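Structure, as structure tokens:
Residue numbers (this note's numbering): 40 to 311.
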């Protein structure tokens, strides 16, 4: 093992979290967002037990959850929740009003304080990206680049294994369907769901993990997606062509031809 890799391994071993979370925290040094990444790491450590939905207040709970949505994905939602909680002075009433588990936030605070106390040992300065979420998403990508999925015509598939996966219904990105995502974990219920996902740009994978991803691999995946989009467009055009053919044949005498999946209409205007 090369000296840089040995140093990386020693630094990761100092953090009492799983290796991917450790790598994410170390990457925050490069992207100068360690304050935000520590919070996200702490929130992820409480095992998705942030929001709750009382049976008699499902609509209110879901509305409260939506109010925390921010662009970019679920990790940023967790950051938003924790930040607002801190701004309220760790208010228990605020948690109650927003259907948030106060116990989980207190546990996340304890984990964050522990991790912050270890930053000096691994020589990482506490820095903030001041509202720019790109550095945050890049640091997450650096830690979780193994957990990448891309949107194809048939749905999401993991980049390497081509395993079919689905965005969890509780995700803030469930309706958006971004082209490329990083997920924290997979959970199986009726389907293989990605939980806690964030939207990324494909080139970031080459930036953070050039040893694992190759440009040709990502380009081929992009070309497959483009071909699928093109096929969808041709299918729509052809269906439109068939509709026009059926409709107008009732009133006019037309001659129709199809060229390369696109309709070209040649006709004689003549009433039947």
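Even for Gly, the Cβ is constructed at its ideal location relative to N, Cα and C. Being a predicted model, the structure only gives us computed values, none of them experimental.
Item                                                                                                                                                             : Value
Does the segment 166-186 come within contact of the segment 143-155, defined as at least 3 CB pairs closer than 8 Å?                                             : no
Can you list, in chain order, the stretches of the alpha helix (DSSP H) that have 4 or more residues and sit fully within the segment 171-211?                   : 172-183
Let's see if you can read the secondary structure: which residues bound the alpha helix (DSSP H) around residue 64?                                              : 58-70
Compare the Cα-Cα distances from residue 86 to each of 166, 56, 250 and report the closest residue.                                                              : 56
What is the DSSP secondary structure of residue 135, counted as helix, strand or coil?                                                                           : helix
Which same chain residues, not among the five before or five after residue 272, have their C-beta less than 7 Å away from its C-beta?                            : Its pLDDT being 47, under 50, residue 272 is placed unreliably in this model, and the value from its coordinates should be taken loosely. Nothing listed; no residue qualifies.
Report yes or no: do three or more beta-carbon pairs, one from the segment 157-172 and one from the segment 87-102, lie closer than 8 Å?                         : no
What number of angstroms, rounded off, separates the C-alpha of residue 134 from the C-alpha of residue 45?                                                      : 43 Å
Whole-angstrom Cβ separation of residue 205 and residue 231, contact assumed at under 8 Å?                                                                       : 7 Å
Kindly give me the distance between the Cβ atoms of residue 235 and residue 83, rounded to whole angstroms, as I take these residues to be in contact under 8 Å. : 7 Å
Can you tell me which residues form a DSSP beta bridge with residue 31?                                                                                          : Look at the range of the chain in this structure, 40 to 311, and you will see that residue 31 is not part of it.
Determine the contact status of residue 117 and residue 109, defining contact as a CB-CB distance below 8 Å.                                                     : no
Who are residue 163's beta bridge partners in DSSP?                                                                                                              : Beta-bridge pairing links residue 163 to no other residue.
Just checking residue 196 against the ligand ZN - is the residue's beta carbon closer than 7 Å to any of the ligand's heavy atoms?                               : Within the structure as shown, the ligand ZN is missing, as the structure has no ligands at all.
Tell me which same chain residues have a C-beta within less than 6 Å of the C-beta of residue 160, skipping the five on either side of it?                       : 53
Going by other Cβ atoms of all chains shown within 10 Å of its Cβ, with 16 needed for buried, is residue 93 buried or exposed?                                   : exposed
Is residue 247 helix, strand or coil by DSSP?                                                                                                                    : helix
According to the neighbour-count rule (16 or more other Cβ atoms, all chains shown, within 10 Å of its Cβ), is residue 227 buried or exposed?                    : exposed
Beta-carbon separation of residue 77 and residue 64 under 8 Å?                                                                                                   : yes
In terms of alpha-carbon separation, which member of 213, 218, 180 lies closest to residue 192?                                                                  : 218
Provide the residue(s) that pair with residue 219 in DSSP beta bridges, ordered along the chain.                                                                 : 189
Am I right that residue 239 and residue 176 are in contact with their C-beta atoms under 8 Å? What's the rounded C-beta distance?                                : 6 Å
From the DSSP output, in three-state form, read off residue 89 for me.                                                                                           : coil
Just to confirm before moving on: does the CB-CB distance between residue 51 and residue 67 stay below 8 Å?                                                      : no
In three-state terms, what does DSSP make of residue 49?                                                                                                         : helix
Name the one or two DSSP bridge partners that residue 238 has.                                                                                                   : 220
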